[in-house]
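Structure, as structure tokens:
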Amino acid sequence: MRSFGSYLALVFVLFAVFGAVFFHARIFDFLSRARLLARSFSDQSFRYEKTLQLEVERDLLRNEVAIFKNRALSKDDVLSGSQYTSAPLYSLYPYQDKSLLVIEFGSSDGARLGSPVFAFPRVLLGEISSVRDTQSEVKTIFDTRWVSSVVIEPDPKRPLTERREEEPARGVLKGGLSPHVELVPKYAFVEEGDLVINTSPKFPYGTILGIVEKAELGGENFWSRIVVRPFFELDDIYRVFVLASFP
Numbered sequence: 001m002r003s004f005g006s007y008l009a010l011v012f013v014l015f016a017v018f019g020a021v022f023f024h025a026r027i028f029d030f031l032s033r034a035r036l037l038a039r040s041f042s043d044q045s046f047r048y049e050k051t052l053q054l055e056v057e058r059d060l061l062r063n064e065v066a067i068f069k070n071r072a073l074s075k076d077d078v079l080s081g082s083q084y085t086s087a088p089l090y091s092l093y094p095y096q097d098k099s100l101l102v103i104e105f106g107s108s109d110g111a112r113l114g115s116p117v118f119a120f121p122r123v124l125l126g127e128i129s130s131v132r133d134t135q136s137e138v139k140t141i142f143d144t145r146w147v148s149s150v151v152i153e154p155d156p157k158r159p160l161t162e163r164r165e166e167e168p169a170r171g172v173l174k175g176g177l178s179p180h181v182e183l184v185p186k187y188a189f190v191e192e193g194d195l196v197i198n199t200s201p202k203f204p205y206g207t208i209l210g211i212v213e214k215a216e217l218g219g220e221n222f223w224s225r226i227v228v229r230p231f232f233e234l235d236d237i238y239r240v241f242v243l244a245s246f247p
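For the sequence shown, counting from 1, position 32 maps to 32 in full-length UniProt numbering; every step adds exactly one.
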């Protein structure tokens with residue numbers, strides 16, 4: 001017969017085994033929970049940073065538009081809020097064509113060929129190029145067929161003491177994935193951050209197209225290429241503003 005000590009040793013071994021298994025399970029559970037918690041914090045931190053970044057970018061855009069809209073037009077009779085019609089923008093994500101958009105605004109709503117379309121009040125996006133009963137197509141400034149007259153003026157945020165005395169530089173805006181201004185005389189003074197403003201009679205005078213992002217000198221009598229950065233990201237636009245009563 002086994003002695004009492006043998007049974008006691010066996011019980012001790014069993015307790016030790018069960019204790020080790022239980023302790024290992026608790027440790028594994030603790031580590032799993034810690035990993036999930038860390039991942040949760042990481043995901044939340046990433047989402048928070050991304051949201052904050054978008055909010056900051058939108059706030060900056062709103063500030064820029066707020067500054068420039070008063071600069072572009074001093075009269076409210078051309079672009080008063082009551083003359084705009086807000087229209088939803090259809091999406092073909094992820095195959096959206098930047099050059100041609102479709103809006104829920106047709107002939108039954110007062111749409112007309114050539115009606116100016118704005119991303120924000122006073123910030124030009126394009127023009128209505130075809131009209132149906134309840135929908136219209138919009139040719140945007142990202143279309144390679146886009147051509148319109150513009151002037152380039154000093155950045156209005158620049159202090160008055162730093163602004164130039166020269167007349168605004170005239171040029172032609174050519175559309176495309178990277179809109180740019182051509183035919184600007186070489187003697188014209190152009191800087192990054194200058195404002196690109198519409199002068200074409202097809203659209204309200206003084207509406208904004210963007211700012212000068214980069215200016216490259218040419219070898220002849222003109223600047224070779226002046227790249228324009230629009231005041232909006234098309235992916236952030238869900239509604240547009242149509243000025244059906246113009247001209």
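For glycine and all other residues, C-beta sits at the position ideal for the given N, C-alpha and C. Since the model is a prediction, treat every value here as computed from it, not as a measurement.
Suppose only complete runs of 3+ residues qualify. What are the beta strand (DSSP E) ranges in the segment 67-152, listed by chain order?
85-88, 100-103, 116-120, 123-131, 136-140
Gly106 versus Phe189: straight-line alpha-carbon distance, rounded
43 Å
Identify every residue that forms a DSSP beta bridge with Pro185.
Phe222
Do Arg170 and Val150 have their CB atoms nearer than 9 Å?
yes
Go ahead and pull the three-state DSSP assignment for Leu234.
helix
Nearest-angstrom Cα distance between Phe203 and Ser148?
9 Å
Using only alpha-carbon positions, find the residue among Tyr93, Thr85, Ser136, Ser108 that is nearest to residue 250.
Because the chain here runs from 1 to 247, residue 250 falls outside it and cannot be looked at.
Tell me, to the nearest whole angstrom, how far the beta carbon of Lys186 is from that of Gly218; I am working on the premise that it is less than 8 Å.
6 Å
Please identify the residue among Ile141, Trp223, Pro94, Thr134 whose C-alpha is closest to the C-alpha of Val117.
Ile141
Inter-residue Cα distance where the pair is Ala87 and Leu234
15 Å
So Lys214 is in the beta strand (DSSP E); what residue range does that whole segment cover?
208-216
I think Ser115 touches Ala244, with their Cβ atoms under 8 Å apart; what is that distance to the nearest whole Å?
5 Å
Tell me whether Thr207 is buried or exposed, calling it buried when 16 or more other Cβ atoms sit within 10 Å of its Cβ.
buried
Quick one: what's Phe241 bridged to in DSSP?
Ser86, Phe118
One or two residues paired with Gly171 in a DSSP bridge
Val150
Would the beta-carbon of Trp223 fall within 9 Å of that of Glu182?
yes
Considering Val196, what are the terminal residues of the beta strand (DSSP E) in which it resides?
195-198
Cα-Cα separation between Glu167 and Val184, rounded to whole angstroms:
12 Å
Quick one: is Leu177 buried, meaning 16 or more other Cβ sit within 10 Å of its Cβ, or exposed?
exposed
Spatial neighbours of Ala111 within its chain, please: C-beta separation below 8 Å, excluding the five flanking residues on both sides.
Phe105, Ile128, Val131, Ser136, Val242, Ala244
Can you list, in chain order, the residues of its chain whose CB lies under 6 Å from that of Arg225, leaving out five sequence neighbours each side?
His180, Glu216
Assuming Val212 contacts Asp194 (C-beta within less than 8 Å), just tell me the rounded distance between them.
4 Å
Where does Val228 sit, in a helix, a strand or coil, going by DSSP?
strand
Can you tell me which of Pro247, Ile152, Val138, Val240 puts its alpha carbon nearest to the alpha carbon of Leu209?
Ile152
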